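Worksheet: one structure, shown below.
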Amino acid sequence: MAKSLVIVESPAKAKTIKKFLGPNYTVKASIGHIIDLPKSKLGVDIDNNFDPQYITIRGKGEVLKEIKAEAKKAKKVYLATDPDREGEAISWHLSNALNINSEEPCRIEFNEITKNAIKHAIKHPRKINMHLVDAQQARRVLDRLVGYKISPLLWRKMRKGLSAGRVQSVATKLIKEREEEIKAFIPEEYWSILAKLKTNNGEKFEGKFNRGPDGSKDLSNETEVNSILSLLKKKELTITDIKETEKKRSANNPFTTSTLQQEASNKLGFSTKKTMSVAQQLYEGVDIAKEGTVGLITYIRTDSIRLSDEAIKSISQYIESTYGKEYLTKTKKTEKKEKGVQDAHEAIRPTEVLREPDKVKDSLTKDQYKLYKLIWERTVASQMASAIYDTVSIELQENDVIFKASGSRLKFKGFLEVYTFGSVSEDILLPKLNKGDVIKITSIEPNQHFTQPPARYTEASLVRTMEELGIGRPSTYSPTISTILSRGYVEKDGKSLRPTELGIIVTEILDEFFPEVIDVNFTADFEKYLDSVEDGQGNWKSLIKHFYKDFEVMLQKAEENMEVIDLVEESDEDCNKCNAKMLIKHGRYGKFLACSNYPECTNTKPILNKIGVTCPICQEGEVVERRSKKGRLFYGCSLFPQCRFVSWGKPINEKCPQCNNVLIHKVNKKSEKIMCSSKECKYEREVVGSES
12 MAKSLVIVES
22 PAKAKTIKKF
32 LGPNYTVKAS
42 IGHIIDLPKS
52 KLGVDIDNNF
62 DPQYITIRGK
72 GEVLKEIKAE
82 AKKAKKVYLA
92 TDPDREGEAI
102 SWHLSNALNI
112 NSEEPCRIEF
122 NEITKNAIKH
132 AIKHPRKINM
142 HLVDAQQARR
152 VLDRLVGYKI
162 SPLLWRKMRK
172 GLSAGRVQSV
182 ATKLIKEREE
192 EIKAFIPEEY
202 WSILAKLKTN
212 NGEKFEGKFN
222 RGPDGSKDLS
232 NETEVNSILS
242 LLKKKELTIT
252 DIKETEKKRS
262 ANNPFTTSTL
272 QQEASNKLGF
282 STKKTMSVAQ
292 QLYEGVDIAK
302 EGTVGLITYI
312 RTDSIRLSDE
322 AIKSISQYIE
332 STYGKEYLTK
342 TKKTEKKEKG
352 VQDAHEAIRP
362 TEVLREPDKV
372 KDSLTKDQYK
382 LYKLIWERTV
392 ASQMASAIYD
402 TVSIELQEND
412 VIFKASGSRL
422 KFKGFLEVYT
432 FGSVSEDILL
442 PKLNKGDVIK
452 ITSIEPNQHF
462 TQPPARYTEA
472 SLVRTMEELG
482 IGRPSTYSPT
492 ISTILSRGYV
502 EKDGKSLRPT
512 ELGIIVTEIL
522 DEFFPEVIDV
532 NFTADFEKYL
542 DSVEDGQGNW
552 KSLIKHFYKD
562 FEVMLQKAEE
572 NMEVIDLVEE
582 SDEDCNKCNA
592 KMLIKHGRYG
602 KFLACSNYPE
612 CTNTKPILNK
622 IGVTCPICQE
632 GEVVERRSKK
642 GRLFYGCSLF
652 PQCRFVSWGK
662 PINEKCPQCN
672 NVLIHKVNKK
682 SEKIMCSSKE
692 CKYEREVVGS
702 ES
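Our numbering numbers the first residue of the sequence shown as 12 and each following residue consecutively.
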């Protein structure tokens with residue numbers, strides 16, 4: 012009896028699906044795209060209405076041959092690629108290669124790789140959706156035109172290896188503009204006043220300055236502070252108002268691709284690339300003890316926060332039986348569809364809520380467990396009741412100077428019972444106070460502050476900004492960040508992203524000659540045009556034709572007016588092999604030194620950025636900045652490999668007073684500290700004055 016053939020993209024997915032379908036089905040993997048535009052040339056016939064010139068991808072001939080052989084023997088072929096534009100395009104290419112009738116219902120899709128989902132999909136095949144295919148073709152062709160037309164121009168005018176892309180160039184521009192904001196930032200002085208207070212019973216608490224006699228809440232300088240302090244002659248405050256309220260803190264929605272990448276970065280320290288890689292493993296299937304291979308989460312490329320009725324029902328039953336009815340959310344959440352949200356799939360959720368993280372922990376890798384736990388807890392928490400805090404706000408006054416004190420106590424944990432990644436505010440308890448009570452001021456602490464510049468983008472905040480601006484879609488965030496890092500346009504400084512000199516130069520050139528192409532609004536509007544093509548309301552070739560008319564003019568002007576830029580500089584250093592001058596060149600990981608006598612001499616050396624600290628290990632070399640293969644900044648000895656001192660933290664010229672190890676300067680979002688490099692030693696102190 013002939014078997015039915017099911018074609019998926021990955022071998023891992025094929026293995027999982029094969030288990031569910033049994034012996035009457037053959038499951039083969041295409042291993043991604045089999046047919047695409049050629050790498051060696053443009054592959055778009057501009058003179059013939061922008062027809063794409065598709066070819067079988069080099070190295071995929073044997074895979075396609077094997078699939079064709081299986082298709083000839085099969086009684087029915089099902090195309091089960093991912094449920095998005097890209098997956099639809101892969102299915103379309105396969106259907107053409109296998110000569111499947113365009114009216115044949117051969118396409119199946121599912122949001123999760125579970126037995127019920129696969130069986131249901133097999134029973135409900137449909138035709139290839141050409142609107143989805145056309146939307147993917149429009150993106151592919153426009154990105155090819157931008158990349159393959161601008162990049163060679165950059166090669167001729169600057170150097171080979173440079174590239175431009177519709178989304179990657181906009182992302183680099185955002186990071187460059189943020190860096191410019193930081194450099195242009197002028198700190199502004201402001202002050203706060205903290206009052207240490209004590210009741211007649213000796214109970215202590217704190218109050219913060221709220222507003223002065225004129226109603227102003229701002230203290231701009233020390234003169235204004237002294238003016239306020241002069242009004243507090245009695246060294247006491249009278250309670251004029253007490254408000255006791257109940258505040259609720261609601262759980263966040265289930266994960267979209269964007270919010271998963273952000274939360275995995277913030278809570279787990281995962282890069283967007285790592286998050287998507289691990290999530291793909293959880294989606295395609297993991298071998299679980301006593302169950303076999305099973306998909307643990309639903310489809311991972313989604314912009315929807317929607318959960319199916321079936322999922323909500325099973326999660327609610329789990330919450331009620333595990334924690335009690337009072338832990339169920341009391342209000343049905345309404346998912347407002349935001350502008351630009353496709354809402355094609357559910358939010359990312361566990362395929363089975365009873366598959367608790369700790370029950371499958373032994374079957375998962377460390378990273379799989381962390382990410383699955385994050386997704387499982389976020390999903391369950393989204394259907395739970397709000398956390399409830401009892402809060403009290405007290406207003407204290409003297410001579411129309413008002414201070415405020417506040418306290419809170421967690422009354423009901425609600426979703427925080429499950430979501431261990433959510434911070435739980437510590438109880439801040441105030442003494443029992445009454446309106447009219449006179450409170451003593453034991454001390455007054457005026458504090459000077461300065462406004463801080465905007466923070467550099469991290470991967471998480473860049474993804475959030477791209478989503479807010481409508482740049483790209485869930486499937487493009489991670490590849491975009493990987494591209495700008497690998498091209499050397501952006502580098503990592505800890506978690507922060509900052510533009511390299513090369514990235515700044517390329518962005519400025521593109522901004523001058525191709526302002527519309529790397530304009531945020533154009534990139535966002537193009538996504539809307541793609542959505543209209545997907546909805547069957549637009550013609551993709553007309554969209555490309557309209558774009559290319561102006562793009563061709565920009566290309567011509569750039570070709571004529573763009574000056575040749577020499578990115579090579581002469582250094583003061585001589586080659587240690589042939590004594591010729593060393594040149595400063597730009598590479599994938601930033602600047603490096605190369606012999607000017609190339610190709611006769613191929614000597615290259617890294618440029619060592621010294622930080623003015625002697626190596627704490629060998630006492631001979633100097634500590635220099637280095638970068639890992641992934642672009643992460645670290646510090647090492649200039650005499651490497653003879654001396655192998657390395658540190659992720661920036662060393663300073665000072666030894667730990669407790670253990671004599673080297674001290675490092677560590678900066679995070681909340682603080683700036685000097686701390687010991689030894690994990691065993693707990694010495695640390697806040698950064699002061701010239702240390703920052």
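Beta carbons are placed, not taken as given, at the ideal position from N, Cα and C, and that holds for glycine.
Please read these numbers as outputs of a predicted model, since none were measured by experiment.
Start-to-end residues for the beta strand (DSSP E) that takes in residue i
{"i": "D583", "result": "E580 to D585"}
{"i": "T92", "result": "Unbroken run through T92: none, as it is neither H nor E."}
{"i": "A698", "result": "In the sequence on display, residue 698 carries Val and not Ala. Where V698 is concerned, there is no enclosing beta strand (DSSP E), given that its DSSP letter is neither H nor E."}
{"i": "T461", "result": "Looking at the sequence shown, residue 461 is not Thr but Phe. Segment V449 to F461, the beta strand (DSSP E) holding F461."}
{"i": "S15", "result": "S15 to V19"}
{"i": "V575", "result": "Counting along the chain, V575 falls outside any beta strand (DSSP E), and DSSP gives it neither H nor E."}
{"i": "L205", "result": "E200 to K209"}
{"i": "E478", "result": "No beta strand (DSSP E) holds E478; the alpha helix (DSSP H) holding it covers E470 to L480."}
{"i": "G303", "result": "G303 to V305"}
{"i": "T37", "result": "Y36 to A40"}
{"i": "V297", "result": "V297 to I299"}
Three-state secondary structure assigned by DSSP to residue i
{"i": "H356", "result": "coil"}
{"i": "V144", "result": "helix"}
{"i": "R151", "result": "helix"}
{"i": "K350", "result": "With a pLDDT of only 44 at K350, under the threshold of 50, the placement of this residue in the model should not be trusted; the figure read from the coordinates follows. Of the three classes helix, strand and coil, the one that applies to K350 here is coil, per DSSP."}
{"i": "K29", "result": "helix"}
{"i": "N532", "result": "helix"}
{"i": "H104", "result": "helix"}
{"i": "K98", "result": "Residue identity differs from the one stated: residue 98 is Gly in this sequence, not Lys. The answer is helix: DSSP assigns G98 an H, G or I state."}
{"i": "S689", "result": "coil"}
{"i": "T345", "result": "Note that T345 scores 46 on pLDDT, short of 50, meaning its location in the model is unreliable and no value can be drawn from it."}
{"i": "A23", "result": "helix"}
{"i": "R69", "result": "coil"}
{"i": "I323", "result": "helix"}
{"i": "L594", "result": "strand"}
{"i": "R389", "result": "helix"}
{"i": "K684", "result": "strand"}
{"i": "Y310", "result": "coil"}
{"i": "D546", "result": "coil"}
{"i": "N59", "result": "helix"}
{"i": "L674", "result": "strand"}
{"i": "R167", "result": "helix"}
{"i": "E331", "result": "helix"}
Start-to-end residues for the alpha helix (DSSP H) that takes in residue i
{"i": "H557", "result": "W551 to N572"}
{"i": "Y338", "result": "Taken as a continuous stretch (DSSP letters only), Y338 belongs to no alpha helix (DSSP H), as it is neither H nor E."}
{"i": "I133", "result": "K126 to K134"}
{"i": "Y488", "result": "Y488 to S497"}
{"i": "A82", "result": "G72 to K84"}
{"i": "R177", "result": "R177 to A195"}
{"i": "D718", "result": "Limits of the chain in this structure are 12 at one end and 703 at the other, which puts residue 718 out of reach."}
{"i": "V371", "result": "P368 to V371"}
{"i": "L513", "result": "E512 to F524"}
Anticipated Cβ contact below 8 Å, residue i with residue j, distance rounded
{"i": "L339", "j": "A396", "result": "6 Å"}
{"i": "T309", "j": "E123", "result": "4 Å"}
{"i": "V635", "j": "S658", "result": "That belief does not hold up - the Cβ atoms of V635 and S658 are roughly 11 Å apart, past 8 Å."}
{"i": "Q272", "j": "I326", "result": "Contact doesn't hold; Cβ gap of about 23 Å is too wide."}
{"i": "E20", "j": "I42", "result": "7 Å"}
{"i": "C687", "j": "N672", "result": "6 Å"}
{"i": "L208", "j": "I450", "result": "5 Å"}
{"i": "R155", "j": "G54", "result": "7 Å"}
Taking only runs that begin and end inside the stretch 394–432, name each unbroken beta strand (DSSP E) of 3 or more residues, in chain order. 398–409 and 412–423
Pick out the complete beta strand (DSSP E) segments inside the stretch 617–660, 3 residues or longer, and give them in chain order. 620–625, 633–638 and 644–648
Would you check if there are 3 or more beta carbon pairs closer than 8 Å linking the stretch 134–152 to the stretch 541–558? yes
Would you check if the stretch 222–241 and the stretch 379–386 touch, i.e. whether three or more CB-CB distances between them fall below 8 Å? no
Just to confirm the assignment: which complete beta strand (DSSP E) runs, minimum length 3, are found wholly within the stretch 223–287? 247–260
With three or more C-beta pairs closer than 8 Å as the rule, is the stretch 247–261 touching the stretch 465–475? no
Would you check if the stretch 67–76 and the stretch 275–292 touch, i.e. whether three or more CB-CB distances between them fall below 8 Å? no
Report yes or no: do three or more beta-carbon pairs, one from the stretch 296–315 and one from the stretch 21–30, lie closer than 8 Å? yes
Counting Cβ pairs closer than 8 Å, one from the stretch 224–232 and one from the stretch 427–444, do we hit at least three? no
Taking three-plus beta-carbon pairs below 8 Å as touching, is the stretch 181–195 in contact with the stretch 601–612? no
How do the stretch 128–145 and the stretch 102–113 stand: do at least 3 beta-carbon pairs fall below 8 Å, yes or no? yes
For the stretch 178–190 against the stretch 405–423, are there 3 or more C-beta pairs whose distance is under 8 Å? no
Counting Cβ pairs, one atom from each stretch, are 3 or more of them under 8 Å apart for the stretch 518–538 and the stretch 126–134? no
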